[in-house]
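Worksheet for the structure shown next.
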Amino acid sequence: TATVAAAAAVALSGRFLAEFVAEKWTGFRFPWYARQEISLATAVTLAAATTWLSLRLFRRIRPAEEPEPFLAAAGFLLAAGAAAGFGSGFPEAGFLCVPPLAGIVAGLPAKRAGPRLFAALLGWAHLPGLVSPRAYRAALRFAGLEVPVGVGFLVLLLLLLPLALVLFGLLFRPDRREWRWALHPNALAACLVGYAACFGGWRERPSYDGEHRRTIRVEEWADLERGEAGIDLASQENLRGIRILRPAPEAIDPAGRTWSRRLADPPDLLSWKIAESPDPDAIRAVTLTLELERPADRVRVRFRSRGGFLLPTGEAEGSGGGWSEVDRLEWRYAHELTRLEERYRLWPAAPESPLTVELEVEFEADWFGWEFEAQESVFVHRGRVRAAQTLPALAR
């Protein structure tokens, strides 16, 4: 098994080598995003070349002549993978191993290699759609998932190692006439010529186009209590070729996937004030008035005090009667809010402690007036503004 695993690793290395070359050539992390078919062709042709190299290296190392030990090793790996998936709370991973295992078992009664191979390949028929660039791109776009190259290589190796065991056990006989053409140097030359042709066609097409765009997140933030503000750019792709259009034209070309800039002063986007007045129904009563320059998507108001707060029965979930203690109090308000005036009645557990009021405003638009431009890119804006104020403790 170790020998075949090493052979499979060498064979699969061409798929990742093709992506590495493309990444270095374009400067993008996902150079295949808008050119999936031609990118897959380059990966397949280079993987064919490394497969040839793998067969040449390991053709004289065959642990057993009969196919049964290879089939048993493949079945063991699939059964272990299924058990690990179901036992660790990832049934999806377990279900991936079931069809290939069933295919191997279904082919055991056959005496010839052809029916056994056909049954085994049926078990792996569902995998190409799951490990294709299209599926990976969908995961990037909709779920934000990203699999590093090293992890992707390991997962692909674990998925295909049982298949390599089956193929190696049932088919590979380097002394047979039908395998001589596959091991001839002309076969390697054909693979390299095919890779060069595919790479030439791939190079003429852009990594991103109008249908397949690069997504760049723009995070605007401000902390009014500290007097700090800034703008952060982040993407799963490299940030190349970005221009600032407003407030002042400027070209930026970050080397990585993040870029940040501190602002001299927080933008004047909101005004708020807090007033406290006696209330016979509460220990402390606070009135908050908030004015926003632009509609907000979410507004949160929090109260903190040493010792927490008391809530009357029925206002705290799970309370059994009397009063219930909570660490903090928080109110949330819906989107499209431009003005808020609310009076809060509070029962601090330690009235002699100061009362802190925290305000957090979240938005999903450009509030700061910064505009960016980049070819075939979509900028997604979001941000937050935080503020806090502390009221003194009540006099005894």
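Following this note's numbering, the numbering of the sequence shown begins with 37 at its first residue and continues without gaps. Beta carbons: idealized from backbone N, C-alpha and C, even for Gly. If you're wondering where the values come from, they're calculated on a predicted model, not measured in any experiment.
Looking at the secondary structure, which residues open and close the beta strand (DSSP E) in which residue i lies?
i      : result
Trp295 : Thr294 to Arg298
Phe6   : The first residue shown for the chain is 37 and the last is 432, placing residue 6 beyond what the model contains.
Trp160 : It is not in any beta strand (DSSP E) - Trp160 carries neither H nor E in the DSSP assignment.
Ala287 : Glu286 to Ile288
Gly266 : Glu264 to Ala270
Trp308 : Leu306 to Glu312
Phe408 : Glu407 to Glu409
Leu281 : Ile278 to Arg282
Trp257 : Arg250 to Asp259
Skipping 5 residues on each side, what residues in its chain have a beta carbon closer than 6 Å to that of residue i?
i      : result
Glu286 : Ile280
Glu378 : Leu324
Ala352 : Summary for Ala352: the model assigns pLDDT 47, below 50, so the residue's position carries little reliability, and this model does not support an answer.
Leu113 : Pro198
Arg51  : Ala79 and Ala83
Arg340 : Arg364 and Thr392
Arg334 : Glu398
Arg342 : Ala386 and Ser389
Leu416 : Note that residue 416 corresponds to Val in the displayed sequence, not to Leu. Within the same chain, Val416 has close Cβ partners Arg253.
Leu328 : Leu306 and Thr374
Gly180 : For Gly180, the predicted structure reports a pLDDT of 49, less than 50, and the residue's modelled location is therefore unreliable. The matter cannot be settled from this model.
Cys29  : Because the chain is modelled from 37 through 432, residue 29 falls outside the range shown and cannot be assessed.
Arg368 : Arg336
So which of the options has the shortest CA-CA distance to residue i?
i      : options                           : result
Pro302 : Val254, Pro136, Arg422 and Val322 : Arg422
Glu412 : Trp238, Ile278, Pro221 and Thr78  : Ile278
Phe204 : Tyr380, Asp268 and Ala42          : Ala42
Leu157 : Ala83, Leu365 and Val202          : Val202
Glu409 : Gln425, Ala161, Ala200 and Ile288 : Ile288
Pro387 : Ala424, Glu247, Phe345 and Pro105 : Phe345
Arg253 : Glu261, Gln272 and Arg262         : Gln272
Ile267 : Gly139, Val335 and Glu407         : Glu407
Trp68  : Arg298, Ser243 and Gly419         : Ser243
Leu23  : Leu93, Ser307 and Val362          : Residue 23 is absent from the model: the chain starts at 37 and stops at 432.
Ser75  : Leu144, Ala45 and Ala232          : Ala232
Ala116 : Glu104, Leu137 and Pro103         : Leu137
Val337 : Val414, Cys234 and Ala424         : Ala424
Ala300 : Ile310, Gly292 and Ala265         : Ala265
Glu59  : Trp238, Leu326, Arg418 and Pro145 : Trp238
Val414 : Leu132, Arg250, Glu55 and Gly125  : Arg250
Trp257 : Arg368, Arg418, His248 and Pro314 : Arg418
Glu372 : Gly263, Ala332 and Glu366         : Ala332
Asp315 : Gly263, Gly292 and Leu382         : Leu382
Leu195 : Gly121, Gly143, Arg262 and Ala146 : Gly121
Phe131 : Ala200, Leu48 and Trp160          : Trp160
His248 : Arg298, Gln72, Gly292 and Pro221  : Gln72
Ala108 : Ser90, Gly123, Leu144 and Gly236  : Leu144
Val362 : Glu240, Pro384 and Ala370         : Pro384
Ser90  : Asp259, Pro221 and Tyr380         : Pro221
Using a Cβ-Cβ cutoff of less than 8 Å, which residues in the same chain neighbour residue i once the five nearest sequence positions on both sides are dropped?
i      : result
Arg330 : Leu305, Thr374, Phe399, Ala401 and Trp403
Trp88  : Ala218, Leu219, Ala223, Leu224 and Cys227
Leu269 : Ile252, Arg253, Val254, Glu255, Leu275, Ile278, Pro290, Thr294, Trp295, Ser296 and Phe408
Leu53  : Leu82 and Thr86
Gly111 : Leu137, Ile140, Val141 and Pro198
Lys309 : Leu324 and Thr325
Grab me the residues of residue i's own chain with a C-beta within less than 7 Å of its C-beta, minus the 5 sequence neighbours each way, in chain order.
i      : result
Glu312 : Arg320, Ala321, Val322 and Leu427
Leu228 : Ala85
Thr62  : Ser243
Leu206 : Pro103, Ala149, Arg152 and Leu153
His162 : Pro135
Arg92  : Leu219
Arg282 : Gly405, Trp406 and Glu407
Pro348 : Trp359
Pro127 : Gly121
Gly263 : Pro302
Phe64  : Ser243, Glu273 and Asn274
Can you check DSSP and say which residues form a bridge with residue i?
i      : result
Tyr369 : Val335
Thr30  : Past the boundaries of the shown model lies residue 30; the chain is included only from 37 to 432, so the question cannot be answered.
Ser360 : Leu347
Phe64  : Paired residues: none, contrary to the question.
Val141 : The partner list for Val141 (beta bridge, DSSP) is empty, contrary to what the question assumes.
Pro384 : Phe345
Arg152 : The partner list for Arg152 (beta bridge, DSSP) is empty, contrary to what the question assumes.
Glu327 : Ser307 and Arg375
Ala321 : Arg381
Glu398 : Arg334 and Arg420
Can you name the start and end residues of the alpha helix (DSSP H) that residue i belongs to?
i      : result
Glu104 : Glu104 to Gly123
Phe235 : Pro221 to Arg239
With 8 Å as the threshold, decide whether the Cβ of residue i is near any Cβ in chain C.
i      : result
Ala115 : You won't find chain C in this structure, because it holds only one protein chain.
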